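Numbering (this note's numbering), first residue to last: 3 to 198.
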């Protein structure tokens with residue numbers, strides 16, 4: 003049974019957490035990213051689909067290659083960050099359902115229906131991308147998720163030879179407070195919620 007977490011933990015994950023445009027000069031290691039993945043993989047996806055495919059860019063070469071796929075103000079952010087992450091998706095996730103969801107013949111739900119698979123891959127990899135952000139914050143790191151990039155170029159550069167597609171990308175590291183803007187408005191409950 004779930005139990006409430008502390009107010010301090012809620013501050014770390016939600017209330018005080020921010021999207022960062024720059025980071026402190028502290029490394030992100032493979033140990034960090036493995037800790038993040040071990041947490042994010044526990045988040046729920048429909049029928050345990052796990053369509054998310056992650057490319058962790060720790061080397062300068064990989065970050066530079068990703069930066070070349072981005073636009074606007076994003077390339078320098080990616081190049082300077084300790085790490086960057088491509089949150090991708092596998093539209094053929096259903097091929098793994100026999101072992102990921104052994105309770106039913108879930109693979110047959112998606113056979114021959116690529117449009118339905120893409121919809122599920124996008125929805126559930128987006129969830130996994132959100133779990134990535136929460137997991138990173140939970141272990142003391144910060145993120146800078148972004149969507150200003152050339153998806154076709156990212157797919158060609160990082161997912162060649164596969165059917166994987168990029169969903170969004172993010173920087174990762176120990177955030178530099180000097181690089182954030184004032185917090186944008188957050189709507190009150192009454193603005194966008196209905197209780198029936």
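Backbone N, C-alpha and C define an ideal beta-carbon position, used for all residues, glycine too. Computed from a prediction, not measured in an experiment: that's the story for all the values here.
Original post:
In terms of DSSP beta bridges, what is residue 58 paired with?
Top reply: Reading the chain shown from its first residue, position 56 is the one you call residue 58. Paired residues: 87.
**OP:** Taking the CB atoms as reference points, tell me whether residue 41 and residue 176 lie closer together than 9 Å.
**Re:** Position 39 of the chain shown, counted from the start, is the residue given in the question as residue 41. Position 174 of the chain shown, counted from the start, is the residue given in the question as residue 176. Not in contact: residue 41 and residue 176 (Cβ atoms no closer than 9 Å).
Original post:
If you follow the beta strand (DSSP E) that residue 186 is part of, which residue opens it and which one closes it?
Top reply: As a first step, residue 186 must be located in the chain shown, where it is residue number 184. Taken as a continuous stretch (DSSP letters only), residue 186 belongs to no beta strand (DSSP E), as it is neither H nor E.
Subject >> For residue 38, the nearest candidate out of 136, 25, 180 (CA to CA) >> reply: Looking up residue 38 in the chain shown gives position 36. The shortest Cα separation from residue 38 among 136, 25, 180 belongs to 136.
Subject >> Length of the line joining the Cα atoms of residue 166 and residue 53 >> reply: Residue numbering aside, residue 166 sits at position 164 when the chain shown is read from its first letter. Residue numbering aside, residue 53 sits at position 51 when the chain shown is read from its first letter. Computed Cα separation, rounded: 9 Å.
Original post:
Leaving out five residues before and five after residue 60 in sequence, what residues of the same chain have Cβ atoms less than 6 Å from its Cβ?
Top reply: For this step, residue 60 is matched to residue 58 along the chain shown. The answer, listed in chain order, is 85.
Original post:
Which residue's Cα is closest to the Cα of residue 159: 24, 70, 170, 150?
Top reply: Translated into the one-based positions of the chain shown, residue 159 becomes position 157. Looking at the Cα atoms, 70 is the closest of the given residues.
**OP:** For residue 44, name the three-state secondary structure that DSSP assigns.
**Re:** In the chain shown, residue 44 corresponds to position 42, counting from 1. Coil.
Original post:
Do the region 75-85 and the region 22-30 touch if we need at least three Cβ pairs shorter than 8 Å?
Top reply: yes
**OP:** Could you tell me the boundaries of the alpha helix (DSSP H) in which residue 50 lies?
**Re:** Looking up residue 50 in the chain shown gives position 48. Neither: residue 50 is in no alpha helix (DSSP H) and is coded neither H nor E.
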